[in-house]
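Protein chains in written order, with our numbering: chain A, 1 to 390; chain B, 1001 to 1390. What follows is a single structure, written as structure tokens, with notes after it.
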């Protein structure tokens, strides 16, 4: 199966061969379940510990804190928000929950559901730089704020939020903070121990672990009741059988992500810069957003005035170039740009491109040619349509 | 790695080689995510549909109903119970939830948590045959009952609950019914279309799919809001990335489970009968429970008077025979037997043994010799301890 030129790595990544190799023995020979109190279960423990060590290392986290293996980042986000309701709101009456208008759908929807339980959901705005500022969080807060849940970076625009400042604001006011770190792990150098947040979630398939592997990080001194109740698996934080092989793959992918961070921040960032520069040279009226902001090294959002982004995405897919416009109701690039003050018509001409450590310079060069052709083609059709309709 | 004599198949099963073979391409070549609106995502749809067809066939379900791929049976159980709260209790005030004292921990704990939201949890009793009767459900019900959640069969004793009768009772009273079918799929011939239940959950690793694969079945005319909110994946019933490979493996395992049902109900049942008969011949005072009840064909619970079941489980594990005493706070064999009226001291001498289609007659013969030796050994030690302590 040809994968063409894959520039949608912030949606999912190609699983690392080494990670899959780590997984396979648990699908064949070592197939037990760690909750079984006999040898077939117990002998899995060393592999589980080895995998967890890799994840701790990627986060730069102390092993006294807890990491829960989940099936998706979305699961972890939902767990934090529901557990905050049961662990804080029920006992203290603090019932206000803050996320942002440009956040991911799991946080927005899970907080939204709490409104049925008499909670108040607040969406902090984005500024014109595509960021959620600490000031915006301060203005959203009340003495009843129970939780702030924010993505560390936006996976479509690549803009990194000032999480350290926001965490300081939350700490000052005694408010719990959840950071969705899916898009930053392996791309920036988080100093987790210096960020006073209580919870962190991530998707493994953002850094070359297979789909369906993810994690939820919980500080040692914080409670987090399960989303999936039903037993003492994973220290009582999450019941249900799980794929030990998936966890082993996640641990291996985490180790590789650590090794690749320098490369991501230098060579991949260079390729992203070349992509932007050469694309502007080919399509002079294309607009690269938020270039002067702190951004993920692998990601760029670019508008092609006069071209509907859905049409361009579809045409590029047919030509073997894969990009993104986001998905669902909330995490759409057009809406995120519009929420950051970009003219909505222009916003809906934009695509998001995200590279990985596997992206080559040759792919970038070929992608630019194909994108330029497709944009030209769609503009021609668009003009013809106008003439016909005249 | 030697797996010894594995008689703990109701905890987890050896993944089928064919199921794993179905999974592998999605870990290597076909690694996209189906929510991506371009070729890399969209080309996964035929495989997803093929897998779902296998699961529909195993359930004997109409494809107009919905099947959601989940990470565990426990996840599905939690989804149904929380969604019933949001979809029924919030709108109607019906706030009583029924499960049974011998049910699995996810149902007991998830219903228990709703008590924090002013719901009432009721645990229907088991009768002396290890069953939950329709009469017990009738007696537990009130006009405010929102949901009954029951396991179709107990995975430790093997006793099958009279689900048809219970479903009829629920239908008459307009109460939703969830059936946890993990232990029956592939072992009995459910006629799902004739059972008026709204929800069904199962774990794939009960029928030789890999761990971390499971399903939630929802009738077409019933709502079930997500446990994991965050997007339109899986028709909006469950957000978050998931392992398409895991789903493919589950579909294949479902097909094999259909093919193996006859064998499970004849040859595996014969081996189970031989195991019980020969074990009694070797250890005359051993007691087989619920032999005259409708039971799963592969499972038996046997007491060894005078022997602590935890000690026996441990010793058997060292000798390469793997059995079960259950796990966690609720699903313990001793508690389940005691709840069915068995003397608690006797109940805590019992082990559960569960065969699979891979269990051989030679394994059964060897297991009996090892079990008899271990029981004799523990009884000797126990007598010596008594003499010493005198």
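All C-beta atoms in this analysis are idealised placements derived from N, C-alpha and C, irrespective of residue type, glycine included. Here the structure is a predicted model, which is why all the values come from computation and not from measurement.
Inter-residue Cα distance where the pair is residue i and residue j
i                       : j                       : result
residue 375 of chain A  : residue 1089 of chain B : 52 Å
residue 248 of chain A  : residue 77 of chain A   : 22 Å
residue 1332 of chain B : residue 1324 of chain B : 9 Å
residue 174 of chain A  : residue 122 of chain A  : 18 Å
residue 1099 of chain B : residue 1152 of chain B : 12 Å
residue 390 of chain A  : residue 380 of chain A  : Because the pLDDT at residue 390 of chain A is just 43, under 50, the model does not fix this residue reliably, and the value given afterwards should be weighed accordingly. If I take the Cα positions, the gap works out to 15 Å.
residue 1157 of chain B : residue 9 of chain A    : 48 Å
residue 275 of chain A  : residue 301 of chain A  : 11 Å
residue 1011 of chain B : residue 52 of chain A   : 24 Å
residue 382 of chain A  : residue 1191 of chain B : 56 Å
residue 317 of chain A  : residue 363 of chain A  : 15 Å
residue 1368 of chain B : residue 1290 of chain B : 20 Å
residue 40 of chain A   : residue 1021 of chain B : 23 Å
residue 1062 of chain B : residue 1055 of chain B : 11 Å
residue 1205 of chain B : residue 1214 of chain B : 8 Å
residue 1075 of chain B : residue 288 of chain A  : 42 Å
residue 1311 of chain B : residue 1292 of chain B : 28 Å
residue 50 of chain A   : residue 44 of chain A   : 10 Å
residue 1001 of chain B : residue 32 of chain A   : In this prediction, residue 1001 of chain B has a pLDDT of 48, which is less than 50 and means its spatial position is unreliable; what the coordinates show is noted afterwards. So the alpha carbons of these two residues sit roughly 11 Å apart.
residue 119 of chain A  : residue 1092 of chain B : 20 Å
residue 1388 of chain B : residue 1378 of chain B : Residue confidence is low: residue 1388 of chain B scores 49 on pLDDT, short of 50, so the model does not pin down where it sits. Its coordinate-derived value is still stated next. Cα to Cα, residue 1388 of chain B sits roughly 15 Å from residue 1378 of chain B.
residue 1042 of chain B : residue 1030 of chain B : 11 Å
residue 1125 of chain B : residue 1131 of chain B : 9 Å
residue 322 of chain A  : residue 1268 of chain B : 51 Å
residue 1186 of chain B : residue 1057 of chain B : 11 Å
Identity of the residue in the options nearest residue i by Cα
i                       : options                           : result
residue 1350 of chain B : B:1362, B:1357 and B:1337         : B:1337
residue 1219 of chain B : B:1176, B:1181, B:1260 and B:1186 : B:1176
residue 296 of chain A  : A:197, A:166 and A:265            : A:265
residue 6 of chain A    : B:1038, B:1236 and B:1069         : B:1038
residue 85 of chain A   : A:146, A:344 and A:27             : A:146
residue 4 of chain A    : A:319, A:352 and A:345            : A:319
residue 340 of chain A  : A:114, A:101, A:246 and A:237     : A:101
residue 15 of chain A   : B:1017, B:1048, B:1239 and B:1026 : B:1026
residue 244 of chain A  : A:196, A:47, A:163 and A:18       : A:47
residue 163 of chain A  : A:143, A:189 and A:142            : A:189
residue 1196 of chain B : B:1172, B:1035 and B:1109         : B:1172
Inter-residue CB distance, residue i and residue j (contact presumed, cutoff 8 Å)
i                       : j                       : result
residue 223 of chain A  : residue 65 of chain A   : Rounded, the Cβ-Cβ distance is 13 Å, inconsistent with contact.
residue 1361 of chain B : residue 1271 of chain B : 6 Å
residue 1397 of chain B : residue 211 of chain A  : In the structure as shown, chain B starts at 1001 and stops at 1390, and residue 1397 of chain B therefore has no counterpart that could be examined.
residue 1134 of chain B : residue 1169 of chain B : 5 Å
residue 355 of chain A  : residue 298 of chain A  : 4 Å
residue 149 of chain A  : residue 111 of chain A  : 7 Å
residue 227 of chain A  : residue 82 of chain A   : 6 Å
residue 326 of chain A  : residue 347 of chain A  : Not really, about 11 Å apart at Cβ, beyond 8 Å.
residue 207 of chain A  : residue 13 of chain A   : 7 Å
residue 117 of chain A  : residue 97 of chain A   : In fact, because the Cβ distance is near 11 Å, the residues do not count as touching under 8 Å.
Under 7 Å from the C-beta of residue i: neighbouring residues of chain A
i                       : result
residue 998 of chain B  : Nothing about residue 998 of chain B can be read from this structure; chain B reaches only from 1001 to 1390.
residue 1090 of chain B : 116
residue 1109 of chain B : 229 and 230
residue 1186 of chain B : Neighbours of residue 1186 of chain B on chain A: none; closest Cβ ~16 Å, over 7 Å.
Partner residues on chain B for residue i, Cβ-Cβ distance less than 9 Å
i                      : result
residue 48 of chain A  : By Cβ distance, chain B contributes nothing, its closest Cβ being about 12 Å from residue 48 of chain A, past 9 Å.
residue 332 of chain A : What residue 332 of chain A touches in chain B: nothing, since even the nearest Cβ is about 11 Å away.
residue 234 of chain A : Those do not exist, as residue 234 of chain A stays about 11 Å from chain B at its closest Cβ, beyond 9 Å.
residue 261 of chain A : Ordered by position in chain B, no residue passes the 9 Å Cβ test against residue 261 of chain A, which lies about 22 Å from the chain.
Cross-chain neighbours of residue i in chain A, by beta carbon under 9 Å
i                       : result
residue 1313 of chain B : 37 and 38
residue 1251 of chain B : Within chain A, no residue comes near residue 1251 of chain B; the closest Cβ sits about 15 Å away, beyond 9 Å.
Chain-ordered neighbours of residue i on chain B, where CB pairs are closer than 7 Å
i                      : result
residue 106 of chain A : 1229, 1230 and 1239
residue 180 of chain A : Those within 7 Å of residue 180 of chain A in chain B number zero; the least Cβ separation is about 11 Å.
residue 11 of chain A  : 1033 and 1036
residue 317 of chain A : 1038 and 1039
Partners in chain A for residue i, counting only beta-carbon separations shorter than 8 Å
i                       : result
residue 1322 of chain B : 36, 38, 39 and 40
residue 1020 of chain B : 27 and 28
residue 1008 of chain B : 36, 38 and 40
residue 1159 of chain B : Chain A residues near residue 1159 of chain B: none, gap ~21 Å exceeds 8 Å.
Contact with chain E by residue i, beta-carbon distance below 8 Å
i                      : result
residue 220 of chain A : The structure shown has no chain E; the protein chains it does contain are A and B.
Contact set between residue i and chain B, taken where Cβ atoms lie within less than 8 Å
i                      : result
residue 77 of chain A  : 1230
residue 74 of chain A  : 1228, 1229, 1230, 1231, 1239, 1240 and 1241
residue 86 of chain A  : 1113 and 1116
residue 327 of chain A : 1035, 1036, 1037, 1231 and 1232
### Query
So does the stretch 1254-1261 of chain B actually touch the stretch 1103-1111 of chain B, counting three or more Cβ pairs closer than 8 Å?
no
### Message
Across the stretch 126-143 of chain A and the stretch 278-288 of chain A, are there enough close Cβ pairs to call them in contact, namely three or more that are closer than 8 Å?
### Response
no
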